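Engineer:
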Amino acid sequence: LTHPRASGRGGGSAPLTMFPLSLHRMLLAAVNPYFRAMFVSSFKESQDGEVLLQDMAPSTVQTILHYLYTEKISVTSETAQAVFVAASRLQILPLLEICSSFLLEQVSVENCLLLYELGYAHGEQALLRVAMRQISLNFRHLSLEDKSFLHLKPSTLISIISSDSLVVSSEIVVYRAVRRWMKFQTSNRRPLLSKIMRHVRLPLLTQEELREVQLESAHCGDMRLRWKRLNRQERLQECGGLRQGMYNKCIVCVDLFNMEVADKLYVTGGVHTDDSYSDTLHEYSSFRGRWTQLPSMSMPRASHGFLNCNQKLYAVGGWCRYEDYLDSAECFDLMEKTWTPISRLPHTLSHFAATVLKNKLYLIGGVTDKLGSWYVSRKVLIYKVSSNVWTQVLLDAECYWSGAVSMNNGIYVIGGWPDSGNLHCSRKCFFLGEDGRVDKAVVIPKLPVEIAGAGVVRWRKRIYVLGGENTYLYNNHDGENEEEYYNTIYYWEPGDHRWTQCPERLPFSNWGISGFGCATLKLPKKTILSLFRKTSVALTGRRP
Numbered sequence: 093l094t095h096p097r098a099s100g101r102g103g104g105s106a107p108l109t110m111f112p113l114s115l116h117r118m119l120l121a122a123v124n125p126y127f128r129a130m131f132v133s134s135f136k137e138s139q140d141g142e143v144l145l146q147d148m149a150p151s152t153v154q155t156i157l158h159y160l161y162t163e164k165i166s167v168t169s170e171t172a173q174a175v176f177v178a179a180s181r182l183q184i185l186p187l188l189e190i191c192s193s194f195l196l197e198q199v200s201v202e203n204c205l206l207l208y209e210l211g212y213a214h215g216e217q218a219l220l221r222v223a224m225r226q227i228s229l230n231f232r233h234l235s236l237e238d239k240s241f242l243h244l245k246p247s248t249l250i251s252i253i254s255s256d257s258l259v260v261s262s263e264i265v266v267y268r269a270v271r272r273w274m275k276f277q278t279s280n281r282r283p284l285l286s287k288i289m290r291h292v293r294l295p296l297l298t299q300e301e302l303r304e305v306q307l308e309s310a311h312c313g314d315m316r317l318r319w320k321r322l323n324r325q326e327r328l329q330e331c332g333g334l335r336q337g338m339y340n341k342c343i344v345c346v347d348l349f350n351m352e353v354a355d356k357l358y359v360t361g362g363v364h365t366d367d368s369y370s371d372t373l374h375e376y377s378s379f380r381g382r383w384t385q386l387p388s389m390s391m392p393r394a395s396h397g398f399l400n401c402n403q404k405l406y407a408v409g410g411w412c413r414y415e416d417y418l419d420s421a422e423c424f425d426l427m428e429k430t431w432t433p434i435s436r437l438p439h440t441l442s443h444f445a446a447t448v449l450k451n452k453l454y455l456i457g458g459v460t461d462k463l464g465s466w467y468v469s470r471k472v473l474i475y476k477v478s479s480n481v482w483t484q485v486l487l488d489a490e491c492y493w494s495g496a497v498s499m500n501n502g503i504y505v506i507g508g509w510p511d512s513g514n515l516h517c518s519r520k521c522f523f524l525g526e527d528g529r530v531d532k533a534v535v536i537p538k539l540p541v542e543i544a545g546a547g548v549v550r551w552r553k554r555i556y557v558l559g560g561e562n563t564y565l566y567n568n569h570d571g572e573n574e575e576e577y578y579n580t581i582y583y584w585e586p587g588d589h590r591w592t593q594c595p596e597r598l599p600f601s602n603w604g605i606s607g608f609g610c611a612t613l614k615l616p617k618k619t620i621l622s623l624f625r626k627t628s629v630a631l632t633g634r635r636p
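Residue numbers for the sequence shown follow the numbering used here, beginning at 93 and rising by one.
Take a look at the structure:
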């Protein structure tokens, strides 16, 4: 290969590379749209026979040419960023993917800000996600100690401080970070302060923190503060939501069918203590610490599916009065506060596992009836929200009263009863792909004990199994059932070879529980919660 050479043109410090066009014209035109467009046009480079590449060192261009001829490259920590930038500019996509994969493995606390800015400048989403994860976990440290933070471009800084994922317990951390960034180049950055401060969630500052902002604003003379009296809902709307470090995400168990949406918990249906069936819907707000009754379903339901998808709650199937299996389904619009019927299930169904994956509802197994007799379903029912249509997929085996969670582009199905003829529950777990079919390539260890009717939930990349039961049918001398109820908690993380039992147990010392709802809920931390308990004056922004 003829080596590119440094050009003497230009007086700046940025590298300029010149290489002879005639030697590489055919190759570059064949593999790259950037050069192809150059060669078929009347650009000066096409006539001169040489190409001038600004901000590219000769060694970087030589590396790219070597890759184009041989499809081989050796990427190192010293060369990866330069080759990544060049491949992005020249749109050499296979090389860009190689460099991006290499940089993803290099992301650390020490370089996450630099790599985030690199990914942001070139629209590399995977690099942005991985770098942002490190930034979110270490934002306080990075904003105080890392010099790279002071050199962030304004657009990159705004992108970072706009994120909900920042693990900060107080918004004063974000405010101080912006102040530190601005003071590094006060004269140049002061005009940008108003724009950047719009992304600091000022209504989340406590009274003590507000005094700090007031004093600093008075001292610097660069902010005319705007105040407003806000109630709980107005404060939440004004700030745009909590950051990740401002709440604890907990597992909540309710003796009904429940579903969480952000800071709200929804409970529907079930059986009253007098054995009557419920059609009610209740909402619990973690900010208010109280329950509110919402419009009721069109009919009572128990042992039904209750799912959340795109700001709508779906109540599907179930049974009523121990005999009437249901095939009806309805959805509740959280914005409009109204119930609307949706397409009926292909058949009646209750006691099934249910979850949501990629805007589709999945009902797995369950119990159905035919000619007055119940039997276990061997189907997965899939409801596509966008088309209001149900489809069916056959399962390899029967199951009911299992649990299910969606994770890793599929569905994990946990425990349950294998079929109506079995004397006890199952330890079996299996994985369904998006098409609803069992994927045997994904191996899930068996549960430590036979469990059905457990609370199954995903939390912190783990699957948790809480409580449940194992009933041995007709197993004692009198021909009656022997029932065992659990208060244990097990968890499993994909990749582990076995389930782990937690030292904590459900709060029942002498017995366990099954057939209850289980969800995760964001509970605001005490200092944040105090802001939402009453109407008070808040700082809402900077006056123009």
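Built from N, CA and C at the ideal position, the CB exists for glycine as well.
Since the structure is predicted, the reported quantities are computational estimates derived from the model, not experimental observations.
#1: Do three or more CB pairs link the segment 286-303 to the segment 324-334 at distances below 8 Å?
#2: On the DSSP letters alone, give me the boundaries of the beta strand (DSSP E) that W319 sits inside.
#3: What's the call for Y566, buried or exposed, on a 16-neighbour Cβ count within 10 Å?
#4: Comparing alpha-carbon positions, which option in I605, R290 and L598 lies nearest S254?
#5: If contacts are defined as beta-carbon pairs under 8 Å, then Y577 and W603 qualify, I think. What distance do you get, rounded to the angstrom?
#6: Candidates S370, M338, D366 and V346: which alpha carbon is nearest F379's?
#7: Rounded to whole angstroms, what is the Cα-Cα separation between Q306 and L317?
#8: Among E237, L242 and S257, which residue has its Cα nearest to the Cα of L229?
#9: Output the distance between the C-alpha atoms of Q336 and V260, rounded to the nearest integer angstrom.
#10: Give me the Cα-Cα distance between G547 and L157, rounded to the nearest whole angstrom.
#11: Alpha carbon to alpha carbon, how far is E561 from S518? Give it in angstroms, no decimals.
#12: Is the segment 178-185 in contact with the segment 163-170, if contact means three or more CB pairs nearer than 8 Å?
#13: Could you pull out every residue in the same chain whose Cβ sits closer than 7 Å to the Cβ of S309, ignoring the five residues on either side in sequence?
#14: Ordered along the chain, which non-local residues of its own chain (more than five positions away) have a Cβ less than 7 Å from that of C191?
#15: Can you find the residues in the same chain that come closer than 8 Å, C-beta to C-beta, to D419, ignoring five residues on each side of it along the sequence?
#16: Quick test of the definition: if touching needs 3 or more C-beta pairs under 8 Å, does the segment 496-515 touch the segment 455-473?
#17: Helix, strand or coil: which one does DSSP assign to S628?
#18: Indicate the three-state DSSP secondary structure (helix, strand or coil) for L621 in the structure shown.
#19: Can you tell me whether I227 is helix, strand or coil according to DSSP?
#20: Less than 8 Å separating the beta-carbons of S498 and T447?
#21: Spell out a yes or no on whether the segment 363-373 and the segment 382-402 are touching, meaning 3 or more CB-CB pairs, one atom from each, closer than 8 Å.
#22: For the segment 418-502, list the beta strand (DSSP E) runs that are entirely contained and at least 3 residues long, ordered along the chain.
#23: Does DSSP put S192 in a helix, in a strand, or in coil?
#24: Of the residues H443, D147, T432 and E585, which one's Cα is nearest the Cα of K538?
#25: Could you confirm whether any beta carbon from chain D is found closer than 8 Å to the beta carbon of M499?
#26: How would you write the range of the beta strand (DSSP E) that K356 sits in, first residue to last?
#27: On the premise that G609 lies in contact with L557, defined as a C-beta separation below 8 Å, what is that separation, rounded to the nearest angstrom?
#28: Return the chain-ordered list of same chain residues with a C-beta closer than 6 Å to the C-beta of W551, the five sequence neighbours on each side being excluded.
#29: From the DSSP output, which residues share a beta bridge with Y556?
#30: Between L242 and M274, what straight-line distance do the alpha-carbon atoms span, to the nearest angstrom?
#31: Helix, strand or coil for E216? Go by DSSP, reduced to three states.
#32: How is the beta strand (DSSP E) around S377 delimited, first residue to last?
#33: Under three-state DSSP, which class holds Y267?
#34: Are the CB atoms of E304 and I264 within a distance shorter than 8 Å?
#35: CB-CB under 7 Å to E422, same chain, minus the five flanking residues each way: which ones, in chain order?
Structural biologist: If we stick to the structure as given:
#1: yes
#2: L317 to L322
#3: Low local confidence applies: a pLDDT of 46 at Y566 is under 50, so the model's placement there is unreliable, with the coordinate-based value given in what follows. Exposed, because fewer than 16 other Cβ atoms sit within 10 Å of the Cβ of Y566.
#4: R290
#5: 6 Å
#6: M338
#7: 8 Å
#8: S257
#9: 7 Å
#10: 58 Å
#11: 11 Å
#12: no
#13: M315 and L317
#14: V167, A172, V175, F176 and A179
#15: G409, R436, L437, P438, H439, T440 and L441
#16: yes
#17: strand
#18: helix
#19: helix
#20: yes
#21: yes
#22: 421-425, 430-433, 445-449, 452-456, 459-462, 465-468, 471-476, 481-486 and 495-499
#23: helix
#24: E585
#25: Reference to chain D is not applicable here, since this structure consists of a single protein chain.
#26: K356 to T360
#27: Reading off the sequence, residue 557 comes out as Val, not Leu. Not really, about 14 Å apart at Cβ, beyond 8 Å.
#28: I343 and T612
#29: V549 and Y583
#30: 8 Å
#31: coil
#32: L373 to S377
#33: helix
#34: yes
#35: M389, S390, A407, W431, T432, P433 and I434
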